[in-house]
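In the numbering used here, the protein residues as written are 327 to 662.
For each residue, glycine too, the CB sits at the ideal point set by N, CA and C.
So the structure is just underneath, and the comments pick up after that.
Written out as structure tokens, the structure reads:
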């Protein structure tokens, strides 16, 4: 069954967002066609929120899937809520709109519903994109409380960010950040809600698997559900918009079946108790890039083990580009 109005929440700009979304990131080893297949299956099942990014290098395939489901009458464009992200090497104000236009070109869509950034410096340029009708809503990602306050207290702020997309799961429940976001009418969006992929450049290989936690398993058994369904339902009941990533048809279908059961207060308390402040995503390649700390809460997962050398903020984009070229994937230059 497709998402009903009750499965959407209203953002601070009046637009609505489905509380459950499909994440479309995949390692480079996964064929791009898998992203197209997964998006089609998700829309057929009932997903209406699709979370993508230029960095994922599959915008064209995801866009093809969306357009195919529009063409066959499964959905209309207004039914679909698409989230895109401004990649870190395009944060200079003059690069923001061209980057968004490249995403629209890849998707072959006239607008996207939500565009999010990782750095405060680009927000005014994002506001201009909203005014131009290229995006309906604008938000942020990987911001901690201090960084959100930088935006909220910015002189001349025209649009408050509608959301803050962060890593969030039972082992990192972000309770304090969630409370702050709610108090400022900002929606918390959870990525890596089921744990995350296990790529070595991104993730500590010794980190525990949240979906194998016995507490989640016991609650899942009680409700005749999967641990993944329980983890997703947990976020929805907390008022968090949650992303579920899978390219497996069976799991995509299972992940959508979270609207016909309710966790008890005791269940919620037990899952709250699993919090370990454990971040899966540790971004080892950024250890020596101090400017990244200015714009991302990822510092919290690394500052106990390493201190990067201070660098000039004006070097930010070039430094990030150099660092991410070391990763198993990198962003491609914008086409002229």
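Minimum length 3: unbroken beta strand (DSSP E) runs contained in the stretch 469 to 500:
Runs of the beta strand (DSSP E) inside the stretch 469 to 500: 489 to 493.
- Query: Can you tell which of 475, 598, 588 and 580 has the C-alpha that lies nearest to the C-alpha of residue 536?
  - Reply: Ranking the options by Cα distance to residue 536, first place goes to 598.
Open item on the list: Using DSSP's beta-bridge definition, name the partner residues of residue 342.
Closed with: Answer is 336, bridged to residue 342.
- Task: Examine the Cβ distances between the stretch 375 to 383 and the stretch 494 to 506 and report whether three or more of them are shorter than 8 Å.
- Result: Short answer: they don't touch.
key: N- and C-terminal bounds of the alpha helix (DSSP H) containing residue 439   = Not the alpha helix (DSSP H): residue 439 falls in the beta strand (DSSP E), residues 438 to 443.
For the beta strand (DSSP E) that residue 375 lies in, which residues bound it at each end?
-> Boundaries of the beta strand (DSSP E) harbouring residue 375: 375 to 377, taken from the DSSP string.
Using 8 Å as the threshold, is the stretch 381 to 393 in touch with the stretch 350 to 358, meaning 3 or more CB pairs across them? Touching, yes.
Do residue 589 and residue 563 have their beta-carbon atoms positioned less than 8 Å apart in this structure? Against a cut-off of 8 Å, the Cβ pair of residue 589 and residue 563 comes out as a contact.
Report task. Could you tell me the distance, in whole angstroms, from the CA atom of residue 360 to the CA atom of residue 338? Result -> The alpha-carbon atoms of residue 360 and residue 338 are separated by roughly 34 Å.
* Asked: Out of curiosity, what's the CA-to-CA distance linking residue 533 and residue 516?
  -> As the crow flies, the alpha-carbon of residue 533 is around 19 Å from that of residue 516.
**OP:** Starting from the Cα of residue 400, find the closest Cα among 452, 420 and 367 and give me that residue.
**Re:** Ranking 452, 420 and 367 by Cα distance to residue 400 puts 367 first.
Can you tell me which of the three DSSP states residue 574 falls into?
Collapsing the DSSP output to three states places residue 574 in coil.
Report task. Compare the Cα-Cα distances from residue 509 to each of 471, 520, 483 and 521 and report the closest residue. Result -> Taking only the C-alpha atoms, the option nearest residue 509 is 471.
Quiz item: What is the C-beta distance between residue 512 and residue 489, in whole angstroms, given that I count them as a contact (C-beta under 8 Å)?
Solution: Your pair residue 512 and residue 489 checks out as a contact, with CB atoms roughly 6 Å apart and the cut at 8 Å.
Does residue 462 pass the burial test, meaning 16 or more other C-beta atoms within 10 Å, or should it be called exposed?
By the Cβ-count criterion, residue 462 is buried, with 16 or more other Cβ atoms from all chains shown falling within 10 Å of its own Cβ.
Practice prompt. Kindly identify the DSSP beta-bridge partner or partners of residue 399.
Written response: Paired residues: none, contrary to the question.
| message | Are the CB atoms of residue 544 and residue 519 within a distance shorter than 8 Å? | response | Against a cut-off of 8 Å, the Cβ pair of residue 544 and residue 519 comes out as no contact.
Task: Nonlocal neighbours in the same chain, by C-beta distance under 6 Å from residue 336, ignoring five residues either side - done: Once the five neighbours on either side are set aside, the close Cβ partners of residue 336 are 342.
Query - Identified DSSP bridge partners for residue 463 - result: The beta-bridge partner set that DSSP reports for residue 463 consists of 440.
Taking residue 429 and residue 443 to be in contact with their CB atoms under 8 Å, please state how far apart those CB atoms are, rounded to whole angstroms. With a Cβ gap of about 13 Å, residue 429 and residue 443 do not count as contacting.
Do residue 440 and residue 402 have their C-beta atoms closer together than 8 Å?
The answer is no: Cβ separation not under 8 Å.
Residue 481 burial status per 10 Å Cβ neighbour count (16 or more: buried):
Exposed, by the Cβ-count rule.
> Between residue 423 and residue 392, what straight-line distance do the alpha-carbon atoms span, to the nearest angstrom?
Replying inline: Within the model, the alpha-carbon separation for residue 423 versus residue 392 is close to 22 Å.
* With a 10 Å radius around its C-beta and 16 neighbouring C-beta atoms as the bar for buried, classify residue 531 as buried or exposed. => Residue environment analysis places residue 531 among the exposed positions, since fewer than 16 neighbouring C-beta atoms fall within 10 angstroms of its C-beta.
Q. Which one of 606, 539, 334 and 580 has the shortest CA to CA distance from residue 528?
A. The residue with the shortest Cα to Cα distance from residue 528 is 606.
- From residue 483 to residue 454, what does the alpha carbon distance come to, in whole angstroms? Near 12 Å, if we compare the C-alpha coordinates of residue 454 and residue 483.
Quiz prompt | Member of 582, 604, 541 and 601 whose CA lies at the smallest distance from the CA of residue 370 | solution = Residue 370 has its Cα closest to that of 582, out of 582, 604, 541 and 601.
key: Classification of residue 621 by the beta-carbon crowding that lies within 10 angstroms, buried from 16 upward   = Any reading at residue 621 needs caution, since the residue's pLDDT is 46, under 50, leaving its predicted position unreliable; the model's value is listed next. Under this definition residue 621 is a buried residue.
Between residue 601 and the rest of its own chain, which residues show a CB-CB distance below 8 Å, the 5 nearest in sequence each way excluded? The answer, listed in chain order, is 496, 497, 498, 499 and 501.
Open item on the list: Let me check you understand the geometry: is the CB of residue 579 closer than 7 Å to at least one non-hydrogen atom of the ligand ADP?
Closed with: With respect to the ligand ADP, the structure offers nothing, as it holds no ligand at all.
Original post:
In the stretch 524 to 598, which residue ranges form an unbroken beta strand (DSSP E) of at least 3 residues, counting only runs that do not cross its ends?
Top reply: Whole beta strand (DSSP E) segments, 3+ residues: 567 to 571.
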